[in-house]
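Visitor: For the sequence shown, the positions run 2 to 1273 when our numbering is used. Think of the CB as a built atom: it goes at the ideal place given N, C-alpha and C, for glycine as much as any other residue.
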Amino acid sequence: MAPRLAFMDLSVDIKTLIVQHINRPTDLKNVCLTCKQLHEIAVRQLYYEVTLDVGSSHDTRLAAFLNPKNIGLQHVRKLDLYLADVLDKCNQQQQANFAIRMILELLPENQLEKFSWHPWSPFSGDNLVLLYRKQKRMRWLESISLDRNVLPELQKLPNIEGCFKEVRKLGLYPDSREVLDFCHFLLKNVAGRKLEKITLHASFDEMDPTVTTRELNDTVNEPGLITSTMFSHMQPFAKCTPIALNEITLQKLHLRYAAETYCKLIDFQSIKSIRIFGCSGADALFAELSKSTKLPDKLETLEFKHDDNAENDGLGAIDGFLCLVSGIKTLTLDLTYVKALPAAAGIVRHSKTLKSLNVHASTGPDMCDEELIYDYASFSSICKECTLLEQISVAFPSVSVIRSKNDSFVNFENCLGDLPQLATLNITTWPTNSPSSTKLPRKIYEHLLAGLAQQGFERSASNAKEKSGSSKLGIIAFGSSDKVYDREDSENQIIFVKGRQIDPLGNETSTANYGYAMTSSPHASQYAAPPDGQDPHNYTPLYPNGQVLDGQAPPRIAYPQEAAYPKLENINEVLQAQQALQANHVLNPPLPQQSKPNRLRKACDSCSIRKVKCDESGPPCRACLALEIPCTFERPSRRRGPPNRHAEAIKKRRIGDVDSGSSNPQSPTNAAHALAQLQSSHPTQLSAEEICALPTLNALIDDFFTYIHPLCPFPHEPSFREAWGQREDLSNPSFLALLASMIAVLVASFPRKPRLHLNTQTRREYPNHLSLVDKCRDVCARARGPGYLDRPSLNVYDACTSYFLGLTGAYVFQWRQLRLYLAECLTIIRSLGLHKHEAQGYTYLGGMPHAWGSNGPNYDGSREFKVDYITEEIGRRVFWTVFVGVRTIQQLGASFGELMIPPATPTEPLPPLPREVDDVHIFPNEIQPQREGVVSMITGFNVNVRIYLSYSSLATAEMAFGIDEIFDWDRQQQIFAQSLQRCRQILESLPEVLKVQPKSSKDSGLEQQKPYYPPMPEYSGMRDPTLDSYQKTDSHDMRRYEIQKANIYASHLSTRSHLVEKCFLQLDKYQRSMGQAPAQPSTNALAAGIDRFVSGTTTNAEVLEKAMSEEREQVVKDLLVVLGSIDMVNMEPNGDSFVSLYVYLQNSDFLYQPSDDNEFILSMSTHDFFRKNTISPIASLRFFPAQTQKIRSIASTLLEVPKERRGSVALQHQDYLYKFLDILSKLERVSPEGSEPNGGGALDEESELRLWADLRDHQLRFQEQGGVYGFS
């Protein structure tokens, strides 16, 4: 008997063939350590592709790797380099450049076939020159970003043409003009050579926002910057010889008008593989390729991932193309925003060749959007015709893991019996636990899912046995792979590998072994079942800490990793994944056996920002656990290669981005940069959830932009919502402070809404709205931290925060906070230079301007710091809002020196008014025109500002000579007359939507049909934008118009009343002075300077007094119109514009007593912050905050006028004015005395509704007697 042949007795050639079938690097390493002969055989395959991490302390081990005695060094053909994850990254780039240079210097010359630098950081230009000098047999070249321009040096290299002789593949990654030139350099030098593959991945929207999309891409008339630069050596394109390729990949290109150009540049007829990812207008390319002269006749692989348009042009184009072309072996179709799946007829056409099929289609881009499922007839047709399929990935009908399979799912499984070659099955839809409403523990769900996979293996074996064959199905996966980065695992897929189990009797059964799972998370204790067909929005929010407070289901989290299997997207990637870590062992010492393999993982956000090493013990990692801060992985990483729809959906779901459509370089996403500046220090465990739950915050934010934003139009709404969607409050303390201040001012001015939102929260936490206001201000103060004014990142939104804090102080009667924060807001605006006119330029914060500024002899406007349009517009809005607040406070009698806003001068004019364009049209680099026929919200804002600008000449005179001082009565009379005239003219051009229409008895709508009291459901949710018609955009905008309308008319009446009463006050003072001393002509030269503010016409004293009396009568009429039009729903958001402090005129806390000098004494019995004083009628409301007292001030002032000066209208309707004023005074809501310390919100609300009912009753009585049209 011949001796048994041992493995070591085989010849070297046979051993080499055997070793070539070993794919795992760890197995190859073990073979190398067996004996010298196997070491020499296995080292060739082990070193063929090497992946190294450079820029760390492990670089010292490169000496052993690069030792000439290392026999594997001569077998290195492919070299992939990454930046290592290290603790200190200060000098990492320089260290990495040195390590790379050492590698290139010591590697044998002319042996590399591929050299790839994977990070997006710029590659060293010196190292690139060295690479081209020493390696001239490269088969793969790529154009990447460099730290300097080295093209002139490359062109001067000796025998540079030799570097391109062996080139067969090009990777072109343009992200700047310099890289475009580099791409042209490569394409020009490989022209005429036999190329096999080109990968063209544009990334300008991420790297070079200064280059516009219109400039980059082709238009109808001319080629864009991409094609005209990269392929300039082939112009004119109409006469060029197209490049013959085997494979082409196009990613993130605009092909709408470039399709014909690329068909001229590339010979698509000879191409075997086409991959198109995220290219808008791709349907135009398929339309071109469908022409008989351009139709590919050798196509074997087609991958198409596309976001379709509303007309589904992409779906129609791919269906038509599939019906024309033939011979496809691998087909991947991933479509979003489509209404139907790709037609089965186009797929069946390739039945004789098709081996891999991946079809996914959904109605939207997110995971919660419905994934479309083939009907039984279409799927059955595909399975019966395409019998060569080895891998299939499609959506299956819904099935429950706790119930028997439904017929539709079983029918799909039976269809798979027609695929004898099927080896991999990927069911992209997750099984559910319907009809149960509770979540199963994750382990139980995994066990049930394994049972479902085992049934699939058994059914496949049964179907094969019936046909006298054997089942080849070895892998069943659930979910869709979301692999984004090359060295990361999928977190949205579970893979089961077929196993065998033999019982004691020798019977063999199939088992489903848990092959791959998602990474575990310590925050999650339950799995979240994927959505079933009845509930397509069953996906839960990302943040697990907020779900308990919000009462929501836990998020879909990562599954635990119990075994290490290669990640799979198609059957060919099994081999690729197993070879991904070749030759890494040479740089790492042997490690003890571990339960799971080590891999390079992306650092968490905190460690990445602080540039420290992030361990793999979490999340949370040890560093975040020690610092007690959230451990998140939200910072986006960038990679090259094709996009993955499911990966993008998960990332969008994490950042809350629900925008559809392609990315726009000038979108509000990029506009959010002003709100997203990360600070170096982060308050411990501070986030928006400290205020209240996320759903409540979302509702309050919506209320802010509905009710407060029309009056204070900042911050920029799209930018703010974008930053809030990205949860900037977790990483940006300035943003959190802004958010807290916004909620504080909303609750302080509008306490009814929090009562509705917090009805499910414990009342012990917020017994009244003032406690919520205090909480917001506390969070804001902690988020800002000490020294926030010294930070270089100080911006216009810090001014917004200060303004909201000041306004909050006004609403809760804390005058010190009002004065402090309004002054701080104005200081920030001035320090940023946003208080200047646009012609003056902007002074960069911290810079020292020249002594003469823009008027100096050496002024260079090009060196001025320019801001983006969003910052400019928000700065103007904040300035003019403060301006209006200061003027309002001054109308009410206050005089704050710290809030002095100097009048405009020829050399230093005030900034222009904000552009009358809504926020959605304002971008960092452009301002689009307002939509035709739509009145901008800024229109009403500017009208309100112009009202207070109408008497600027009077304000200037008072600033120069003192308030209520007589300096030149003739000139002063002209100022009063012209100020009143300008004020009256402002409302003449008011848009219709901002005009007050007096209500008639038959046009009172809901208010007359249903009472305010007893409380009705209609009013409890009247201001909830999620209910009824207020969910519509038109109703939403009308609500904003009503709020602005109320504010405009209150400001207009207040200003007119202010001018009238001030005129009469100074007239009385002038007459008293005339009785004491004879009149003398004014010789004041300073007073003569006022002439430029007024016209040359003189004003007669008697005529002026008569005009002012008539104006007072008209103010009374207009006031009655407004009082008769007050509506609970539209008036309450204006808060103290209508209702404020008590000013009772009869039997009230304020006592009116005429004195001998015809002045008034007002005394208070209940409010200790007033004391007896001698003040004038117009100044009877001193010390009150901005945006308050307008209507109350007008009514009380008119009723305080002596009877001899009261007009007929005031005398006739003084009873109604008294009643209106009495009810409005009782509607005061936010006085510290008006809120019980231990709650009582329900009683307050009931009492408030009674008062609204009384107000409506008086309005109806007033209308029944003729209303404003019943004047005698």
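Can you tell me whether residue 239 is buried or exposed, with buried defined as 16 or more other CB within 10 angstroms of its CB?
Guide: The count along the sequence shown starts at 1 and reaches residue 239 at position 238. Answer is exposed; the Cβ neighbour count stays below 16.
Visitor: Use the C-beta contact count for residue 730: other C-beta atoms within 10 angstroms, 16 or more gives buried, fewer gives exposed.
Guide: Within the sequence shown, numbered from 1, the residue matching residue 730 stands at position 729. By the 10 Å Cβ count, residue 730 comes out buried.
Visitor: Just how far apart, CA to CA, sit residue 262 and residue 380?
Guide: For the purposes of this step, residue 262 is taken as the residue at position 261 of the sequence shown. For the purposes of this step, residue 380 is taken as the residue at position 379 of the sequence shown. Distance between the alpha carbons of residue 262 and residue 380: 37 angstroms.
Visitor: Entirely within the segment 189-277 and at least 3 residues each: give me those beta strand (DSSP E) ranges in chain order.
Guide: Whole beta strand (DSSP E) segments, 3+ residues: 198-202 and 248-252.
Visitor: Can you tell me which residues form a DSSP beta bridge with residue 303?
Guide: Taking the first residue of the sequence shown as 1, we reach residue 303 at position 302. DSSP output for residue 303 lists 275 and 332 as bridge partner(s).
Visitor: What is the residue span of the alpha helix (DSSP H) that residue 874 lies within?
Guide: Locating residue 874 in the sequence shown gives position 873, counting from the first residue. Residue 874 -> alpha helix (DSSP H) spans 870-892.
Visitor: If the criterion is Cβ atoms closer than 8 angstroms, does the pair residue 43 and residue 20 meet it?
Guide: As a position in the sequence shown, residue 43 is number 42, starting the count at 1. As a position in the sequence shown, residue 20 is number 19, starting the count at 1. Their beta carbons are under 8 angstroms apart, which means residue 43 touches residue 20 by this criterion.
Visitor: Can you name the residues that DSSP bridges to residue 501?
Guide: Counting from 1 along the sequence shown, the entry for residue 501 is found at position 500. The partner list for residue 501 (beta bridge, DSSP) reads 511.
Visitor: Between which two residues does the alpha helix (DSSP H) carrying residue 797 extend?
Guide: The residue given as residue 797 occupies position 796 in the sequence shown. For residue 797, the enclosing alpha helix (DSSP H) has its first and last residue at 797-812.
Visitor: In three-state DSSP terms, what is residue 742?
Guide: Reading the sequence shown from its first residue, position 741 is the one you call residue 742. Residue 742: helix per DSSP, three-state reduction.
Visitor: Report all residues from its chain with a CB closer than 6 angstroms to the CB of residue 715; omit the five preceding and five following residues, and keep chain order.
Guide: As a working note, residue 715 is residue 714 in the sequence shown. Closer than 6 angstroms at Cβ, skipping near neighbours: 801, 875, 878 and 879.
Visitor: Residue 84 and residue 120: beta carbons closer than 8 angstroms?
Guide: By one-based count along the sequence shown, residue 84 stands at place 83. By one-based count along the sequence shown, residue 120 stands at place 119. Closer than 8 angstroms, so yes.
Visitor: List the whole-angstrom C-beta distance separating residue 806 from residue 789, where the pair is believed to meet the contact cut-off of C-beta under 8 angstroms.
Guide: Counting from 1 along the sequence shown, the entry for residue 806 is found at position 805. Counting from 1 along the sequence shown, the entry for residue 789 is found at position 788. 12 angstroms between Cβ atoms; not a contact.
Visitor: In this structure, does DSSP put residue 6 in helix, strand or coil?
Guide: The residue given as residue 6 occupies position 5 in the sequence shown. In this structure, residue 6 counts as coil in the three-state DSSP scheme.
Visitor: Whether or not the segment 958-968 and the segment 917-933 are in contact is what I'm after, with contact meaning three or more pairs of Cβ atoms, one per stretch, closer than 8 angstroms; do they touch?
Guide: no
Visitor: Who does residue 172 pair with in a DSSP beta bridge?
Guide: Start at 1 with the first residue of the sequence shown, and residue 172 comes out as number 171. According to DSSP, which records beta bridges pairwise, residue 172 is partnered with 143 and 200.
Visitor: Could you give the residue range of the alpha helix (DSSP H) that holds residue 480?
Guide: Here residue 480 refers to the residue found at position 479 of the sequence shown. It is not in any alpha helix (DSSP H) - residue 480 instead sits in the beta strand (DSSP E) that spans 476-480.
Visitor: Rounded to the nearest angstrom, how far is the Cβ of residue 67 from that of residue 131, given a contact under 8 angstroms?
Guide: Residue 67 sits at position 66 when you count from the first residue of the sequence shown. Residue 131 sits at position 130 when you count from the first residue of the sequence shown. About 14 angstroms; that fails the 8 angstroms criterion.
Visitor: The beta strand (DSSP E) with residue 1310 in it runs from where to where?
Guide: In the structure as shown, the chain begins at 2 and stops at 1273. Residue 1310 is therefore absent and cannot be evaluated.
Visitor: Can residue 495 and residue 426 be called in contact, C-beta distance under 8 angstroms?
Guide: Your numbering for residue 495 matches position 494 in the sequence shown. Your numbering for residue 426 matches position 425 in the sequence shown. Cβ distance not < 8 angstroms, so residue 495 and residue 426 don't count as in contact.
Visitor: Any contact between the segment 155-164 and the segment 208-228? By contact I mean 3 or more CB pairs, one from each, below 8 angstroms.
Guide: Cβ pair count under 8 angstroms is below three, so no.
Visitor: Looking at residue 937 and residue 955, is the spacing between their C-beta atoms short of 8 angstroms?
Guide: Here the question's residue 955 lines up with position 954 in the sequence shown. Here the question's residue 937 lines up with position 936 in the sequence shown. No, they are not a contact pair.
Visitor: For residue 948 and residue 794, which I take to be in contact (beta-carbon distance under 8 angstroms), what is that distance rounded to the nearest angstrom?
Guide: Start at 1 with the first residue of the sequence shown, and residue 948 comes out as number 947. Start at 1 with the first residue of the sequence shown, and residue 794 comes out as number 793. Not quite, the Cβ-Cβ distance comes to about 36 angstroms (not below 8 angstroms), so this is no contact.
Visitor: Could you name the residues that DSSP lists as bridge partners for residue 495?
Guide: Along the sequence shown, read from residue 1 onward, the residue named residue 495 stands at position 494. DSSP, once it has assigned bridges, lists 479 as partnering residue 495.
Visitor: What first and last residue would you give for the alpha helix (DSSP H) that runs through residue 818?
Guide: Taking the sequence shown and counting its residues from 1, the one referred to as residue 818 is at position 817. Its alpha helix (DSSP H) spans residues 816-832.
Visitor: Roughly how many angstroms lie between the CA atoms of residue 258 and residue 224, to the nearest whole one?
Guide: Taking the first residue of the sequence shown as position 1, residue 258 is located at position 257. Taking the first residue of the sequence shown as position 1, residue 224 is located at position 223. Each residue's Cα considered, the two are about 9 angstroms apart.
Visitor: Looking only at its chain, what residues have a beta carbon closer than 8 angstroms to the beta carbon of residue 356, apart from the 5 residues adjacent to it on each side?
Guide: The residue you call residue 356 lines up with position 355 of the sequence shown. So the list reads 330, 331, 389, 390, 391, 392 and 422, once near-sequence residues are dropped.
Visitor: Based on Cα-Cα distance, which residue from 770, 461 and 766 lies nearest to residue 756?
Guide: Looking up residue 756 in the sequence shown gives position 755. Selected option, being the one with the closest Cα: 770.
Visitor: Would you call the CB atoms of residue 253 and residue 279 closer than 8 angstroms?
Guide: In the sequence shown, counting from the first residue as 1, residue 253 sits at position 252. In the sequence shown, counting from the first residue as 1, residue 279 sits at position 278. Taking 8 angstroms as the Cβ cut-off, residue 253 and residue 279 qualify as a contacting pair.
Visitor: Rounded to the nearest angstrom, what separates residue 736 and residue 95 at their Cα positions?
Guide: Mapped onto the sequence shown, residue 736 falls at position 735. Mapped onto the sequence shown, residue 95 falls at position 94. Taking the straight line from one Cα to the other gives about 35 angstroms.
Visitor: For residue 392, does the three-state DSSP call read helix, strand or coil?
Guide: Residue numbering aside, residue 392 sits at position 391 when the sequence shown is read from its first letter. Strand at residue 392.
Visitor: Comparing alpha-carbon positions, which option in 491, 454 and 499 lies nearest residue 473?
Guide: Taking the sequence shown and counting its residues from 1, the one referred to as residue 473 is at position 472. Among 491, 454 and 499, the Cα nearest to that of residue 473 is on 499.
Visitor: When you compare the segment 984-996 with the segment 1064-1073, are there three or more beta-carbon pairs, one atom per stretch, that lie closer than 8 angstroms?
Guide: No, they do not touch.
Visitor: Spatial neighbours of residue 285 within its chain, please: C-beta separation below 7 angstroms, excluding the five flanking residues on both sides.
Guide: Position 284 of the sequence shown, counted from the start, is the residue given in the question as residue 285. Excluding residues within five positions, the ones whose Cβ falls inside 7 angstroms are 256, 257 and 260.
Visitor: Please list, in chain order, all residues of the same chain as residue 227 whose beta carbon is under 6 angstroms from its beta carbon, the five residues on each side excluded.
Guide: In the sequence shown, counting from the first residue as 1, residue 227 sits at position 226. Counting only Cβ-Cβ distances below 6 angstroms, and skipping sequence neighbours, we find 217.
Visitor: Nearest CA to the CA of residue 166: which residue from 194, 1122, 172 and 81?
Guide: Within the sequence shown, the letter at position 165 stands for residue 166. Nearest C-alpha to residue 166: 194.
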